[in-house]
Amino acid sequence: MDTEVLVAGFLAASVRVATPLLLAATGETITERSGVINLGLEGMMLAGALAATLGATAWGPWSGVTCAIGAGMLLAAVFALLAVGARADQIITGTAITLAAVGLTGTIYRQAYGAGGAGLSIPTLTSIAIPGLSQIPVLGPALFDQPAPTYLALLAMPLVWWVLFRTRLGLALRATGEGAVMARAAGVRTNLIRTGATVIGGGFAGLAGASLVLAQVGSFAEGMTAGRGYVAIAIVVLGRWHPGGIALGALLFGVATALQFLLQTLGLDTPYQLFLMLPYLLTLLALAGAVGRVRAPADLGR
Amino acid sequence: MRAIGWAVAAVALGLAVLFVGLEAAGFDAVAGLGALWMGAFGSWDAFTSSTLVRAVPLILIGLGISVAFRGGALNIGAEGQFYAGAIAATWAGLHLAGQPGPVAVGALLLAAAVAGLCWVALPVWLKLRFGVIEVISTLLLNFVALSLVSFMVQGPLQERSRIYPQSEAIAEAARLPMLTGSRLHAGLVLALAGGLVLWFLFARTLWGFRLRAVGMGPRAAEVSGRIDSQRVSAMALLISGAIAGVAGGVEVSGVSYALFQNLSPGYGFTGIAVALLGGLHPIGVVIAGILFGALEAGAGAMQREAGIPAVAVYVVEAVVIIVALLATVPRGGWISLRAVVRKRIAPGKAAG
Numbered sequence: 145m146d147t148e149v150l151v152a153g154f155l156a157a158s159v160r161v162a163t164p165l166l167l168a169a170t171g172e173t174i175t176e177r178s179g180v181i182n183l184g185l186e187g188m189m190l191a192g193a194l195a196a197t198l199g200a201t202a203w204g205p206w207s208g209v210t211c212a213i214g215a216g217m218l219l220a221a222v223f224a225l226l227a228v229g230a231r232a233d234q235i236i237t238g239t240a241i242t243l244a245a246v247g248l249t250g251t252i253y254r255q256a257y258g259a260g261g262a263g264l265s266i267p268t269l270t271s272i273a274i275p276g277l278s279q280i281p282v283l284g285p286a287l288f289d290q291p292a293p294t295y296l297a298l299l300a301m302p303l304v305w306w307v308l309f310r311t312r313l314g315l316a317l318r319a320t321g322e323g324a325v326m327a328r329a330a331g332v333r334t335n336l337i338r339t340g341a342t343v344i345g346g347g348f349a350g351l352a353g354a355s356l357v358l359a360q361v362g363s364f365a366e367g368m369t370a371g372r373g374y375v376a377i378a379i380v381v382l383g384r385w386h387p388g389g390i391a392l393g394a395l396l397f398g399v400a401t402a403l404q405f406l407l408q409t410l411g412l413d414t415p416y417q418l419f420l421m422l423p424y425l426l427t428l429l430a431l432a433g434a435v436g437r438v439r440a441p442a443d444l445g446r
Numbered sequence: 070m071r072a073i074g075w076a077v078a079a080v081a082l083g084l085a086v087l088f089v090g091l092e093a094a095g096f097d098a099v100a101g102l103g104a105l106w107m108g109a110f111g112s113w114d115a116f117t118s119s120t121l122v123r124a125v126p127l128i129l130i131g132l133g134i135s136v137a138f139r140g141g142a143l144n145i146g147a148e149g150q151f152y153a154g155a156i157a158a159t160w161a162g163l164h165l166a167g168q169p170g171p172v173a174v175g176a177l178l179l180a181a182a183v184a185g186l187c188w189v190a191l192p193v194w195l196k197l198r199f200g201v202i203e204v205i206s207t208l209l210l211n212f213v214a215l216s217l218v219s220f221m222v223q224g225p226l227q228e229r230s231r232i233y234p235q236s237e238a239i240a241e242a243a244r245l246p247m248l249t250g251s252r253l254h255a256g257l258v259l260a261l262a263g264g265l266v267l268w269f270l271f272a273r274t275l276w277g278f279r280l281r282a283v284g285m286g287p288r289a290a291e292v293s294g295r296i297d298s299q300r301v302s303a304m305a306l307l308i309s310g311a312i313a314g315v316a317g318g319v320e321v322s323g324v325s326y327a328l329f330q331n332l333s334p335g336y337g338f339t340g341i342a343v344a345l346l347g348g349l350h351p352i353g354v355v356i357a358g359i360l361f362g363a364l365e366a367g368a369g370a371m372q373r374e375a376g377i378p379a380v381a382v383y384v385v386e387a388v389v390i391i392v393a394l395l396a397t398v399p400r401g402g403w404i405s406l407r408a409v410v411r412k413r414i415a416p417g418k419a420a421g
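Which chain is which? The protein sequence lines are A and B, in order. The first sequence begins at 145 in this note's numbering and counts up one residue at a time. The second sequence begins at 70 in this note's numbering and counts up one residue at a time.
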């Protein structure tokens, strides 16, 4: 077998799997930098996935993307109302939001498509090859011949970095996350910032759900996010709350998943489940400080 | 009494949301809720074979989580600890043929408890040694546990014929005895006894007092009570993991008799709702566990009889969690719900 084709395919698969994770993790980075940990991310991705399916079926794939972002933001607004507005415990509120999203999406999906679910085909986002760049051997197809969400994720990364670390808004946001009381004393409207950061994070999670349906899987299934929202939270930790770091973290999870596919395709009798554990264990190691120093925003979760 | 009022309000609101939502979505909500009731409480068999069988793991996990939450430790990893217990219980159950029943069941449950304890020991160690918050570490280990189960049922623990991803059935001796003519097993007795023991520990022992002191305010407990709050929190997490592990063992020993993927329909997460609705009080947790068992049992009937997706009850669970949570929120957000409620309902206590 041609090794170069195999490696290029493997890398392309890794990036495809990593895209929704990167999108969700980018949003969660903004949210967590403001001091809010959003465990409802899983539910927001799921809501985004269903909204993308319904929107794309009715009006085409890009409407699906818009609906998904809207659904994620709406659910995040509910979360913010409870966790920021009423100061309910963030962890438990997030768990409840995810639970509600699982119930709602399952019910709406069955109502819309019947008990069988139907292997319906929906209009998807196809790959867009960037002229020139996609011709680069091995790396080209992986990075420059992907559906639009991958490019959105790659563009969002420097943009989020710039806003967080080079603007007054970013400074106020980080100050809110490090010490809300002090930030408030300095004139920052902390509750507004936290609410905004949460809703934007929810929009990213919705987009991630859309990417999962429209650019990766091609159809909706109940509970299809299968823990990816929680994985995104792990990636934020692994990437040390930094846009560049989380890109590497997302890629790591993508590689682990793609490796599992590859091993199964090659028919090798390896316990692929053990590969799936690796990124989680690595994240734990990162938390323990073994992979460089990790420090969470001081007011995270408070 | 106030706590009970909130709990009743939470459940009522949850069911009301379900009713309105189903009507809005075009389902026959009356038939749906009727089927839910019949599936959960409609007959003695429905109550014992469906409701109580599902209530047992929920009560056990809810009790475990309430120990952790009381000690100020947020254990989100009960799902993983449940599976760790289930794996160990299956392994033990396969090797216990020929032993007398009580010995076999005891050994199986001990294995499950130890496994659950070990599964949470890593987050505890990471917390004590490196200050890693347990929310993230316990959550991450859920996914490791899921992969481990998947590995086990396709690897070391797979049935001899190697067709399905599941284990062989455990030895007869290691199975929990049945209580009535139904599918209800002795795990219920264990869950109720666990509730009583915890009630005694919480209400009548120094340990229970320390646990609460640490949960209420670790700094205050350290300064004024000379309590080692780190240690108390760590103990609470370990105990909560062991109890969740036992829940996994009981499920294998009393219901499934074998290990397979999706053994738990999210009991570890529903257990959080059970603990909160029960107000972290053991008796409350038992009642909340039965209630949620009824919801899950009724959900199946609702799907069969009225064509309403069973997952719809998750919305009820979510509303219950949120209302139970809002009953205990601190002040300081832009909506001070608690202050509003206090002013309206009990103006005299507004200052407290």
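Every residue gets a Cβ at the ideal spot worked out from N, C-alpha and C, and that includes glycine.
| Check | Outcome |
| --- | --- |
| Length-filtered (4 minimum) alpha helix (DSSP H) runs lying within the region 304-391 of chain A | 312-322, 324-329, 334-355 and 372-382 |
| Beta-carbon gap between P291 of chain A and G208 of chain A smaller than 9 Å | no |
| Reference W160 of chain B; option with closest CA among B:A240, B:I352 and B:H254 | B:A240 |
| Below-9 Å beta-carbon distance, G247 of chain A vs any chain B residue | yes |
| Contact with chain A by G167 of chain B, beta-carbon distance below 9 Å | no |
| Contact set for L406 of chain B: own chain, Cβ-Cβ below 6 Å, skip 5 residues either direction | With a pLDDT of 49 at L406 of chain B, under the threshold of 50, the predicted position of this residue should be treated as unreliable, though the coordinate-derived value follows. Taken in chain order, the residues that qualify are L395. |
| Within 9 Å of chain A by C-beta, residues of the region 88-103 of chain B in sequence order | G90, L91, A94, G95 and F96 |
| Against chain B: residues of the region 208-241 of chain A by CB proximity under 8 Å | L225, L226, V228, G229, A230, R231, A232, D233, I235, I236, T237, T239, A240 and I241 |
| Partners in chain A for E386 of chain B, counting only beta-carbon separations shorter than 7 Å | L243 |
| Stretch pair the region 345-353 of chain A + the region 187-199 of chain A: three plus CB contacts closer than 8 Å | yes |
| Within 9 Å, strictly: CB atoms of L366 of chain A and V380 of chain B | Residue identity check: residue 366 of chain A is Glu in the sequence provided, not Leu. Contact: yes. |
| Sequence-distant residues of its chain with Cβ nearer than 8 Å to G362 of chain A (five each side left out) | S265, I266 and T268 |
| Neighbourhood of I308 of chain B by C-beta distance below 6 Å, restricted to the same chain and skipping five residues each side | V136 |
| As assigned by DSSP and simplified to three states, the class of D114 of chain B | helix |
| Interface flag, A191 of chain A vs chain B, CB-CB below 9 Å | no |
| Within-9 Å CB hit, A342 of chain B to chain A | yes |
| 7 Å CB neighbourhood of W276 of chain B in its chain, flanking five on each side removed | L270 |
| Straight-line Cα distance separating A376 of chain A from V213 of chain B | 15 Å |
| Cβ-based neighbour list, G345 of chain A, same chain, cut-off 7 Å, excluding 5 preceding and 5 following | G171, E172, I174, T175, N182 and A220 |
| Cβ distance (whole Å) where G362 of chain B is taken to contact R123 of chain B below 8 Å | 4 Å |
| Distance between P275 of chain A and L210 of chain B (C-alpha atoms, nearest Å) | 43 Å |
| CB of G179 of chain A within 9 Å of CB of G321 of chain A, strictly | yes |
| First and last residue of the uninterrupted alpha helix (DSSP H) at G263 of chain B | G256 to R273 |
| Any alpha helix (DSSP H) of 4 or more consecutive residues that is wholly inside the region 357-397 of chain B | 382-395 |
| Proximal residues to I296 of chain B (C-beta, below 7 Å), its chain only, five neighbours per side dropped | R279, A282, V283 and A290 |
| Three-state secondary structure (DSSP) of A273 of chain A | strand |
| Which listed residue (B:H164, B:V266, B:L163 and B:C187) has its alpha carbon closest to that of Y152 of chain B | B:C187 |
| Same chain only: Cβ atoms within 6 Å of R413 of chain B, ignoring 5 sequence neighbours per side | In this prediction, R413 of chain B scores a pLDDT of 49, lower than 50, which makes its location untrustworthy; the coordinate-derived value is nonetheless stated afterwards. Excluding residues within five positions, none has a Cβ falling inside 6 Å. |
| Same chain, Cβ closer than 7 Å to I134 of chain B, five either side skipped, listed in chain order | N144, A147, S309, G340, I341 and A344 |
| Cα-Cα separation, A329 of chain A to G323 of chain A | 10 Å |
| Per-residue DSSP class, three states only, for F220 of chain B | helix |
| Buried versus exposed call for F309 of chain A [16 or more other C-beta atoms within 10 Å across all chains shown] | exposed |
| Beta-carbon spacing of V388 of chain B, A244 of chain A below 9 Å | yes |
| Test: Q299 of chain B CB closer than 9 Å to a CB of chain A | no |
| Residue burial classification, Y253 of chain A (beta-carbon count within 10 angstroms, cutoff 16) | buried |
| Distance between beta carbons of L265 of chain B and G323 of chain B, contact taken as under 8 Å | At roughly 19 Å, the Cβ-Cβ gap does not stay under 8 Å, so G323 of chain B and L265 of chain B are not in contact. |
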